[in-house]
Amino acid sequence: MPMDQNLEPGTKVRLTNHADGSWEDGVVVHCWLSDEINAHDCYVAFFGEAIPAGQPAAKPYVLRYASTSLTVLEE
Numbered sequence: 053m054p055m056d057q058n059l060e061p062g063t064k065v066r067l068t069n070h071a072d073g074s075w076e077d078g079v080v081v082h083c084w085l086s087d088e089i090n091a092h093d094c095y096v097a098f099f100g101e102a103i104p105a106g107q108p109a110a111k112p113y114v115l116r117y118a119s120t121s122l123t124v125l126e127e
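Taking the working numbering, the leading residue of the sequence shown gets 53, the next gets one more, and so forth.
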């Protein structure tokens, strides 16, 4: 079960859609303790199915997710 955690900027994460098994990989831009949700909330730059090595071909898009929704990817 995911745990609430403060994720450092630059942390590589995965957001999984459990309904169909698809996922998106991204990098944490900013994370803070949110009184609104009583947990850590994060801005994540998503790249699609994999984080590119080097310069990305397309500009990533940034979305907001609770840290409990994200899985940290091991280096």
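The beta-carbon is built from N, C-alpha and C at its ideal position, and this holds for glycine as well.
- Separation of the CB atoms of E76 and E101 is rounded to 7 Å, and the pair is thereby assigned contact status at 8 Å.
- Annotated as proximal: A91 and T120, with beta-carbon spacing under 9 Å.
- Looking at the DSSP output, N58 sits in no beta bridge, so it has no partner there.
- Relative to K111, the option among L59, V65 and G78 whose CA is nearest is G78.
- Beta-bridge partners of V65 (DSSP): G78 and V124.
- Within the DSSP secondary-structure output, S119 pairs in no beta bridge.
- With a contact defined as Cβ atoms closer than 8 Å, W84 and D93 qualify at about 6 Å.
- L67 is positioned such that its CB atom lies no closer than 9 Å to that of V80.
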